[in-house]
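Structure first, commentary second.
Numbering (this note's numbering), first residue to last: 1015 to 1508.
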């Protein structure tokens, strides 16, 4: 069974800002713009296997901000906004936004300049933050430049000359860092010409572009695609030009490889931990000892520990957890971990609806097919987790500065303490008679009253402030409101 225990304390709301410190107080809902909501709520068919535009827009997101905010999220991360490669390719259309052709124009499939401004304004009026995904490393070509009469020259604004690009060579599966940084992603079907970010002209153009992008649309943060494919010393100057929080994608399962990027970016996505955690939560065969070791390596190696990382269990590039397991207990445990993690919790759209898509493109489903139903177990779970994290921040000024501690580490269970929050996790699954037991000494004040926010059950710490809890079956109840829990818990003690 999984439980989260928190002290009974009042909630307070954080002030709106967009510094790295403020981003650490937020929880992020990640959206693929084309797949989240249509402008008029029309229910368009959307076959993920076709890899076509399905009709989602920035106006559609605005129409469903209540849905996002009702889960408790106070920031969103949306797809890249630049104009993309048009037409069909071997890999479908550029509905995802990562095949840039013109940095100086918006993707008209998603809406107009005013629509994006309106989305930013609508978020800020609610005290929410806007994170844009950006692609700096490359553009997308419909064929190999130089073949069939196609050239780079005059095509990729503002990079309108071949001299702005690295010579053609493909990264493939190379582990040579110079190849990773200077060769091309993609393949001959959809090549991604690599911009020469060693060229000061390119550096200047990208600095001007991001400065204008942030200012024009009042952007609060940037998620950087393929960050490891650009030299590390490019990032500090570019981040200074942007003037907002930056979180880079460094796709690796090696902590030592990811760590240097924490010196040049505000944050990175915590991929090394993700790979271990996915194994743990996708099957009872996963071992918590491996995941804890990965987390502790990151705490020691990263410049700010895990505090300046994005914590996630699903995203647009990785299979949904429900594609690997249908066990609701395992999925619930996994979703909870992101909220007790030291970093910023990130939830991929559709997780709350129990979407089950595997790898790309299956994991890029249309959310309107769910009818945005809120009376769903995982939707209510996210409400509780967001409320619990907010209450923990309100109750302890050190919550966001205190690293996770791990207790009772067993192959199939672990206790994660981040005062005043304690998460008790297991991957034994719901279809088993096995139990789990967590003994955590001196975690709280003597005889402190703790509330399990997922079941509303009260728990009293012992005379030393420790807890000893035994659970079974791995799947707890989930309740939506902490305040309701407090009333029920108080009544049960009398």
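Positions of the beta carbon are idealized from the N, C-alpha and C atoms, including for glycine.
- Nearest neighbour of residue 1085 by Cα position, chosen from 1391, 1444, 1135, 1420, turns out to be 1391.
- Straight-line spacing of the CA atoms in residue 1161 and residue 1169 works out to 15 angstroms.
- In the DSSP assignment, the residues bridged to residue 1424 are 1427.
- Counting the other CB atoms within 10 Å of its CB gives residue 1373 a total below 16, which places it among the exposed residues.
- Under the rule that a run must span 3 or more residues, the beta strand (DSSP E) segments found entirely inside the stretch 1408 to 1475 read 1419 to 1424, 1427 to 1432, 1435 to 1440, 1449 to 1454, 1463 to 1466, 1472 to 1474.
- Counting along the chain, the unbroken beta strand (DSSP E) around residue 1148 starts and ends at 1143 to 1149.
- In the structure shown, residue 1152 falls within a strand segment according to DSSP collapsed to helix, strand and coil.
- Each residue's CA atom was taken as its position, placing residue 1442 and residue 1204 some 43 angstroms apart.
- For residue 1261, the uninterrupted beta strand (DSSP E) run begins and ends at 1259 to 1262, by DSSP.
- Excluding residues up to 5 positions away in sequence, 1136, 1137, 1140, 1142 lie with their Cβ nearer than 8 angstroms to the Cβ of residue 1079 in the same chain.
- Around the beta-carbon of residue 1242, 16 or more other beta-carbon atoms lie within 10 Å, marking it buried.
- Note: residue 1205 is bridge-paired with 1200 in the DSSP secondary-structure output.
- Counting other Cβ atoms within 10 Å of its Cβ, residue 1123 reaches 16 or more and is therefore classed as buried.
- Cβ-Cβ separation between residue 1324 and residue 1358: approximately 5 angstroms, consistent with a contact (criterion under 8 angstroms).
- Listed in chain order, the non-local C-beta contacts of residue 1088 below 6 angstroms within the same chain comprise 1040, 1142, local neighbours out to five positions each way being set aside.
- For residue 1459, the number of other beta carbons within 10 angstroms of its own is below 16, and it is reported as exposed.
- In the three-state scheme derived from DSSP, where H, G and I count as helix and E and B as strand, residue 1075 is classed as helix.
- Residue pairing by DSSP places residue 1091 opposite 1044, 1145 in a beta bridge.
- Under the three-state reduction of DSSP, residue 1329 is assigned to strand.
- The C-beta distance from residue 1146 to residue 1236 rounds to 6 angstroms, short enough to meet the 8 angstroms contact threshold.
- In this chain, the alpha helix (DSSP H) harbouring residue 1346 covers 1342 to 1354.
- Proximity of the stretch 1425 to 1433 to the stretch 1302 to 1311 meets the contact definition, three or more beta-carbon pairs being nearer than 8 angstroms.
- Per DSSP, the beta-bridge partners of residue 1170 are 1173.
- By the C-beta density criterion, residue 1484 is exposed, having fewer than 16 other C-beta atoms within 10 angstroms.
- If you ignore the 5 residues before and after residue 1106, its C-beta comes within less than 8 angstroms of the C-beta of 1064, 1065, 1066, 1375, all in its own chain and listed in chain order.
- For residue 1226, the uninterrupted alpha helix (DSSP H) segment begins and ends at 1214 to 1231.
- Beta-bridge annotation (DSSP): residue 1324 is paired with 1283, 1358.
- Under the Cβ criterion (8 angstroms, minimum of three pairs), the stretch 1402 to 1412 does not count as touching the stretch 1092 to 1110.
- Distance from the Cα of residue 1310 is smallest, within the candidate group 1294, 1287, 1200, for 1287.
- Taking a 10 Å sphere around the C-beta of residue 1270, we find fewer than 16 other C-beta atoms and assign the residue as exposed.
- With respect to residue 1159, residue 1165 sits close: the two C-beta atoms are nearer than 7 angstroms.
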